[in-house]
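Line by line, the protein sequences give chains A and B.
Residues in the first sequence are numbered from 56 upward in steps of one, following the numbering used here.
Residues in the second sequence are numbered from 14 upward in steps of one, following the numbering used here.
Using N, Cα and C, we set each Cβ at its ideal position, and we do this for glycine too.
Written below as structure tokens is the structure these notes are about.
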Amino acid sequence: MFGYVRPLFRELKVKEYHRFGACYCGLCHALRRRYGVAARFILNYDFVFLAMLLWDAEVDVAYDFKRCAASPCLKKCVCRGSDALDRAAGESVILAWHKLEDDVRDEPFFRALKARLARLFLAGAYRKAKNDLPVFDGDVKAALAALAAVEREGTASLDEAADKFATLLAGSADGVQDGAKRRILDQLLYHVGRTIYIIDAADDLKSDLKAGRYNAVASRYGLTDPVLDAETKAAVKQTIGDSIALISADIELLQETKWSEILRNTVNYGMPEVAEQVLSGTFRHTNERFYRRNLNTIQE
Amino acid sequence: MDNPYSTLGVSPNASNDEIKKAYRDLARKYHPDNYVDNPLADLAQEKMKQINEAYDEITKERAGGSSYSGGGYSAGTGGGTSSSGAYSAIRTAINRGDYAQAEELLRSAPQRDAEWNFLMGSVCYRKGWLDDARGYFQRAVSMDPNNMEYRQAMSYMGSNSPYRQTGGSYPAAADPCDICVGMMCMNMLCGGCRF
Numbered sequence: 056m057f058g059y060v061r062p063l064f065r066e067l068k069v070k071e072y073h074r075f076g077a078c079y080c081g082l083c084h085a086l087r088r089r090y091g092v093a094a095r096f097i098l099n100y101d102f103v104f105l106a107m108l109l110w111d112a113e114v115d116v117a118y119d120f121k122r123c124a125a126s127p128c129l130k131k132c133v134c135r136g137s138d139a140l141d142r143a144a145g146e147s148v149i150l151a152w153h154k155l156e157d158d159v160r161d162e163p164f165f166r167a168l169k170a171r172l173a174r175l176f177l178a179g180a181y182r183k184a185k186n187d188l189p190v191f192d193g194d195v196k197a198a199l200a201a202l203a204a205v206e207r208e209g210t211a212s213l214d215e216a217a218d219k220f221a222t223l224l225a226g227s228a229d230g231v232q233d234g235a236k237r238r239i240l241d242q243l244l245y246h247v248g249r250t251i252y253i254i255d256a257a258d259d260l261k262s263d264l265k266a267g268r269y270n271a272v273a274s275r276y277g278l279t280d281p282v283l284d285a286e287t288k289a290a291v292k293q294t295i296g297d298s299i300a301l302i303s304a305d306i307e308l309l310q311e312t313k314w315s316e317i318l319r320n321t322v323n324y325g326m327p328e329v330a331e332q333v334l335s336g337t338f339r340h341t342n343e344r345f346y347r348r349n350l351n352t353i354q355e
Numbered sequence: 014m015d016n017p018y019s020t021l022g023v024s025p026n027a028s029n030d031e032i033k034k035a036y037r038d039l040a041r042k043y044h045p046d047n048y049v050d051n052p053l054a055d056l057a058q059e060k061m062k063q064i065n066e067a068y069d070e071i072t073k074e075r076a077g078g079s080s081y082s083g084g085g086y087s088a089g090t091g092g093g094t095s096s097s098g099a100y101s102a103i104r105t106a107i108n109r110g111d112y113a114q115a116e117e118l119l120r121s122a123p124q125r126d127a128e129w130n131f132l133m134g135s136v137c138y139r140k141g142w143l144d145d146a147r148g149y150f151q152r153a154v155s156m157d158p159n160n161m162e163y164r165q166a167m168s169y170m171g172s173n174s175p176y177r178q179t180g181g182s183y184p185a186a187a188d189p190c191d192i193c194v195g196m197m198c199m200n201m202l203c204g205g206c207r208f
């Protein structure tokens, strides 16, 4: 995925900030342990969110202190491996792989060179992940094929296009046994997927229009100009806001865990902020580094 | 059942005011208004029931067993249905959660009146197709502006949207009827519960 689902760090409590960091490291270590060094490079915020969501309320969060390639001297606090982390790691490998496959297929030969190279490095990891989660792999493949078909048709319905990706993401709750939790996660992840898809479309508007590719936001609102007018911007924000409202209500139905506050922050502050940034074209500039650098200076 | 104090998330030594506050916060969170047309409404209702029971149990216990046990937030069943015959089968399908069948019935319906748009909007909303849902609801309201059911659907939708709370960049239009609906909801809140 794309790293759009992240907490608004300045609104986290310090303990939650560090706990989030430990989970981020935990996922990275899970990727390394299960799928090798190359898999580490696909680590992103979205799957940390997924791991926190999938976390079983009965499983305690334990921590280790570990060195790693990114921090060879200083030991960092790392969340000890769990089913949720392993699952999120496997699913992130599978999604990253299929996204690369798509790029290789859709882009012209030379433009796709980077994707080809990345695919080469990730092949081993994907084989293992596919072995671990065969059902999810099949679902992703089917959903992406359906998405490609809808995009080829050039549908004007934002929902129809978003539906395929949303369904794909809802499938990442496959492993959850508890019936009620499964139902909640199905709907919740559906709307997370819908939000990601729409935000991504808004983010890619400029490059898609330039390349003449299908873009869900462009065809929904009949855009030919990459700069959104105020009315369209408000409409996109409204429909994203509608999804976030549902995610926010659904998240309250989940059993309380150590991650609940971070999840609330992500949904209620992080996602709206990212959408706002993408729509105003400032998203790329306020990345993680921005927050880290400003962590000590932001006093509210 | 669990310990009523842990259900409300308070310590057994908490004061009555603290307990009341915790109860209020939780009841607001799981209030049926936040789950209108949400396929997960039954889970919210279940939570609400647990909270009400826990609060009742604590108040009873603290009052030496003499407290009344009526009231509590009631879990409303959503807007009343004013269906004309042809649509009742569709409403039944929606309530059953069979959106595919409801959609099929709607697509084969001969006319596209206000209620048709409203029901189509409901199906879309429950499926998660929120952009389409909003379009259908809007059409239903513009075809029949006096129907409260359609207006409520519009105003509930995204009523918790983050872009509404922050106001600022995205002000919601002050529709006189929204205020009406707001007053009705407030009435429900005040009349249906104990504070």
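Quick one: grab the DSSP three-state call for residue i.
| i | result |
| --- | --- |
| A:V69 | helix |
| A:D192 | helix |
| A:F220 | helix |
| A:F104 | helix |
| B:Y43 | coil |
| B:Y138 | helix |
| A:V133 | strand |
| A:W314 | coil |
| B:G204 | Its pLDDT being 47, under 50, B:G204 is placed unreliably in this model, and the coordinates cannot settle the point. |
| B:N130 | helix |
| B:S82 | For B:S82, the predicted model reports a pLDDT of 44, less than 50, meaning its position is unreliable; a value from the coordinates is still stated below. Three-state DSSP puts B:S82 in coil, outside helix and strand. |
| B:A106 | helix |
| A:P127 | coil |
| B:Y163 | helix |
| A:D280 | coil |
| A:F176 | helix |
| A:Y59 | coil |
| A:G226 | helix |
| B:A27 | coil |
| A:C199 | According to the sequence displayed, residue 199 of chain A carries Leu and not Cys. The answer is helix: DSSP assigns A:L199 an H, G or I state. |
| B:P175 | helix |
| A:S212 | coil |
| A:F64 | helix |
Count the other CB atoms, across all protein chains shown, that sit within 10 Å of the CB of residue i; report buried if there are 16 or more and exposed otherwise.
| i | result |
| --- | --- |
| A:D280 | exposed |
| B:P17 | buried |
| B:E128 | buried |
| A:G234 | exposed |
| A:G277 | exposed |
| A:E328 | buried |
| A:F165 | exposed |
| B:P123 | exposed |
| A:V231 | buried |
| A:E311 | exposed |
| B:E74 | exposed |
Throw me the rounded Cβ distance for the residue i and residue j pair, which I believe falls under 8 Å.
| i | j | result |
| --- | --- | --- |
| A:I239 | A:Y59 | The pair is not a contact, with the Cβ atoms about 21 Å apart (cut-off 8 Å). |
| A:D241 | A:A256 | With 8 Å as the limit, A:D241 and A:A256 do not qualify as a contact, their Cβ atoms being about 23 Å apart. |
| A:A211 | A:R275 | 6 Å |
| A:E206 | A:Y269 | 4 Å |
| A:V333 | A:D214 | Not really, about 19 Å apart at Cβ, beyond 8 Å. |
| A:A144 | A:L86 | 5 Å |
| A:L199 | A:L223 | 7 Å |
| A:K154 | A:Y90 | Not confirmed; about 16 Å, so no contact. |
Residues in the same chain with beta-carbon distance under 7 Å from residue i, minus the five sequence neighbours each way, listed in chain order, please.
| i | result |
| --- | --- |
| A:L318 | M107, L108 and I306 |
| B:G181 | The pLDDT assigned to B:G181 is 39, lower than 50, so where the model puts this residue is not dependable; a value taken from the coordinates is nonetheless given after this. Excluding residues within five positions, none has a Cβ falling inside 7 Å. |
| A:A217 | R249, Y252, I253 and A271 |
Between residue i and the rest of its own chain, which residues show a CB-CB distance below 6 Å, the 5 nearest in sequence each way excluded?
| i | result |
| --- | --- |
| A:K131 | C80 |
| A:R135 | A117 and D119 |
| A:D263 | N270 |
| B:A115 | I103, A106, I107 and V136 |
Where does the unbroken beta strand (DSSP E) through residue i begin, and where does it stop?
| i | result |
| --- | --- |
| B:Y68 | Run containing B:Y68: none in the beta strand (DSSP E); it sits in the alpha helix (DSSP H), A54 to R75. |
| A:F165 | That residue, A:F165, is in no beta strand (DSSP E); it is neither H nor E in DSSP. |
| A:K121 | Y118 to K121 |
Which residues mark the beginning and the end of the alpha helix (DSSP H) in which residue i is found?
| i | result |
| --- | --- |
| A:V329 | M326 to S335 |
| A:A300 | A285 to I306 |
| A:I254 | G234 to D258 |
| A:V44 | Residue numbering for chain A in the displayed model covers 56 to 355; residue 44 of chain A lies beyond these limits and cannot be assessed. |
| A:G145 | D138 to D161 |
| A:V272 | A271 to Y276 |
| B:F150 | L143 to M156 |
| B:S19 | P17 to L21 |
| B:Y112 | Y112 to R120 |
Which same chain residues, not among the five before or five after residue i, have their C-beta less than 8 Å away from its C-beta?
| i | result |
| --- | --- |
| A:Q293 | none |
| B:V23 | E31, I32 and A35 |
| B:N173 | N47 |
| A:D138 | L109, D111, V114 and G230 |
Quick check: is any heavy atom of the ligand HEM less than 7 Å from the C-beta of residue i?
| i | result |
| --- | --- |
| B:R125 | Summarising the ligand content, the structure contains no ligands, and the ligand HEM is consequently not present. |
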